[in-house]
Amino acid sequence: MSSEPLDPGEVRRAPGPVLRKAPGPTAWLDVRRGAVGHWAFSLNRVTGLGLVFYLYLHLAVLSMLLRGPSAWHGFLRLATTPAFLGLDVLLIFGLLFHGLNGLRVALVGSGLAADRQRALFWSLMTLGAILLIGAALHLLGTE
Amino acid sequence: MSADAATRRFRVHRFRREDGPSHVEEFDVPAGEASTVLEGLRWIEVHADRSLVIRHSCFHASCGTCGVRVNGREGLACVTPVTTDTVTVEPLANIPVLADVVVDMRPFVERFPPQHPLLRMSERPGSEVQSPERFEDCIECGLCLSACPIAATDDRYVGPAALAWAQRVLEEPRGEDVDAVLEWADDEHGAWQCHAAFECTEACPSEVFPAQRIMKLRRELTRRRLGASS
């Protein structure tokens, strides 16, 4: 590295560092301000990634059918355990949140409900919570 | 500082291009309940370190020059109260740092469309607007760009302030070329890049509601696209 000092004009013209609130590609996940919209935005991405992961997992599970009835029935025994059903509840949470928030984003993003995004979020999340509780009770067999 | 001042620990971001990487310096500052962050920074400048670079002008959230991040949240230092024992002051995010807690506003201004006037209409010599009243709410402080999670990951995104200005032109053209402004906004790094996190609206100290304006801008862009295709 050269030890020659920089020309003062060159120093002045050099771009300064750009600070980020969180490092690199995770900067979108910084929800420290606590805005409803940002929580919705970040959780939408997380559930979206989760649903993509589930899609491939689902295809992998279905491929067990190719290995005959014994492999499939063995998986079904695992899939009906309480711990596995708990994961199903998590999946339904992801589906409900992503779907209902997607509806909100469509309404807000098209300018139809731009001034009511917060009320829309809480209304849809209340609906989602009711549906999630109903689905959880049904899945876990306590209704 | 008021007579009932307690000592607060200010953790201030320091950066000089000549001095290499940025670092944090700590100062014990007398600051009471009514003290603002800007008062604390000025105390440091006067009593502890004359080399501290800060920028301010009006002291009442009108000029938009003293935008910083205080404990991670965007705010105008002049109206942000000191509420914690430790006060971390950093420059705005997503905008290049000039020195210490001051950012270079040129890249921020360059994000606006070419039609954006350097002077407000009411300040132009010979303007048809006779009243000196300023109709524009945006003080161009840059807080919205710092808060935006999309600007944090994509420097090509023009950002909330510029798009809010574009929507403002739709509401009140004042001789601007509306079609050209809409064409500018109708871009993957323009209105369509916003992900509706509404952080800009939360950060805005001037009730511009940038996110809502971007959504309304999209509505107009959608309407025109559908109209053009039918």
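Line order of the protein sequences matches chains A and B. Going by our numbering, 82 is the number at position 81 of the first sequence; the sequence numbering is gapless. Going by our numbering, 109 is the number at position 99 of the second sequence; the sequence numbering is gapless. We treat Cβ as the ideally placed atom computed from N, Cα and C, and that holds for glycine.
#1: Does chain A have any CB closer than 7 Å to the CB of serine 141 (chain B)?
#2: Of the residues that make up the stretch 106-119 of chain B, which ones have a beta carbon closer than 7 Å to any beta carbon in chain A?
#3: Give the secondary structure of leucine 113 (chain A) by DSSP, where H, G and I count as helix, E and B as strand, and everything else as coil.
#4: Look up arginine 83 (chain B) in the DSSP assignment and give the residues it is bridged to.
#5: So, does the CB of proline 83 (chain A) fall closer than 7 Å to a CB anywhere in chain B?
#6: Just verifying my parser: in three-state terms, what is the DSSP assignment at aspartate 59 (chain B)?
#7: Which residues in the same chain as histidine 172 (chain A) place their Cβ atom closer than 6 Å to its Cβ, once the five residues preceding and following it in sequence are excluded?
#8: Would you call the stretch 205-219 of chain B in contact with the stretch 36-53 of chain A, where contact means no fewer than 3 C-beta pairs closer than 8 Å?
#9: Under a three-way DSSP split, which group does histidine 199 (chain B) fall into?
#10: Determine the DSSP secondary structure at glutamate 150 (chain B), reduced to helix, strand or coil.
#11: Shortest alpha-carbon distance to serine 32 (chain B) belongs to which of B:Ile224, B:Gly169 and B:Val112?
#12: Candidates A:Leu108, A:Gly129, A:Leu121 and A:Ala72: which alpha carbon is nearest leucine 91 (chain A)'s?
#13: Determine contact between the stretch 109-121 of chain A and the stretch 65-85 of chain A, defined as no fewer than three beta-carbon pairs at a distance below 8 Å.
#14: Using only CA atoms, which one of B:Asp110, B:Ser216, B:Val56 and B:Thr17 lies nearest to valine 92 (chain B)?
#15: Given that tryptophan 123 (chain A) touches chain B, what residues does it touch there, using C-beta distances under 9 Å?
#16: Per DSSP, which one or two residues make a beta bridge with valine 107 (chain B)?
#17: Tell me which residues share the same chain as alanine 103 (chain B) and place their Cβ nearer than 7 Å to its Cβ, disregarding the 5 neighbours each side in the sequence.
#18: Give me the Cα-Cα distance between proline 183 (chain B) and glycine 74 (chain B), rounded to the nearest whole angstrom.
#19: Less than 7 Å between the beta carbons of valine 188 (chain B) and alanine 176 (chain B), yes or no?
#20: So for arginine 24 (chain B), helix, strand or coil by DSSP?
#21: Taking only runs that begin and end inside the stretch 33-59 of chain A, name each unbroken alpha helix (DSSP H) of 4 or more residues, in chain order.
#22: With a cut-off of 7 Å, does the C-beta of aspartate 96 (chain B) fall near any C-beta of chain A?
#23: Find out if the Cβ-Cβ distance for the pair alanine 201 (chain B), cysteine 210 (chain B) is shorter than 7 Å.
#24: Using only the alpha-carbon positions, how far apart do arginine 105 (chain A) and tryptophan 53 (chain B) sit?
Reading off the structure:
#1: Low confidence applies to serine 141 (chain B): its pLDDT is 47, below 50, so where it sits in the model is not reliable, and the reading given next is rough at best. So no, serine 141 (chain B) is outside the interface.
#2: Those residues of the stretch 106-119 of chain B that come within reach of chain A (Cβ to Cβ, closer than 7 Å) are Pro106, Val107, Leu108 and Asp114.
#3: The three-state secondary structure of leucine 113 (chain A), taken from DSSP, is coil.
#4: In the DSSP assignment, the residues bridged to arginine 83 (chain B) are B:Val80.
#5: False, the Cβ-Cβ gap to chain B never drops below 7 Å.
#6: DSSP places aspartate 59 (chain B) outside both helix and strand once states are collapsed to three, so it counts as coil.
#7: Residue 172 (chain A) lies beyond the stretch modelled for chain A, which goes from 2 to 144, so this question has no answer here.
#8: Contact between the stretch 205-219 of chain B and the stretch 36-53 of chain A is present, because at least three Cβ pairs lie under 8 Å.
#9: If DSSP states are grouped into helix, strand and coil, histidine 199 (chain B) belongs with coil.
#10: Correct three-state label for glutamate 150 (chain B): coil.
#11: Of B:Ile224, B:Gly169 and B:Val112, the smallest CA-CA separation from serine 32 (chain B) is found for B:Val112.
#12: Ranking the options by Cα distance to leucine 91 (chain A), first place goes to A:Gly129.
#13: When Cβ pairs closer than 8 Å are counted between the two stretches, the stretch 109-121 of chain A is seen not to touch the stretch 65-85 of chain A, the count staying below three.
#14: Residue B:Thr17 is the option with its Cα nearest to valine 92 (chain B).
#15: Within 9 Å Cβ-Cβ: nothing; tryptophan 123 (chain A) doesn't reach chain B, min ~14 Å.
#16: Looking at the DSSP output, valine 107 (chain B) sits in a beta bridge with B:Val113.
#17: Around alanine 103 (chain B): Arg79, Ser156 and Ala162.
#18: Near 24 Å, if we compare the C-alpha coordinates of glycine 74 (chain B) and proline 183 (chain B).
#19: Going by C-beta atoms, valine 188 (chain B) is not nearer than 7 Å to alanine 176 (chain B).
#20: For arginine 24 (chain B), the secondary structure class from DSSP, reduced to helix, strand or coil, is strand.
#21: Given a length threshold of 4 residues, the stretch 33-59 of chain A has no whole run of the alpha helix (DSSP H) inside it.
#22: Reading off the sequence, residue 96 (chain B) comes out as threonine, not aspartate. No, no contact with chain A.
#23: Not in contact: alanine 201 (chain B) and cysteine 210 (chain B) (Cβ atoms no closer than 7 Å).
#24: Arginine 105 (chain A) and tryptophan 53 (chain B): Cα-Cα distance of roughly 47 Å.
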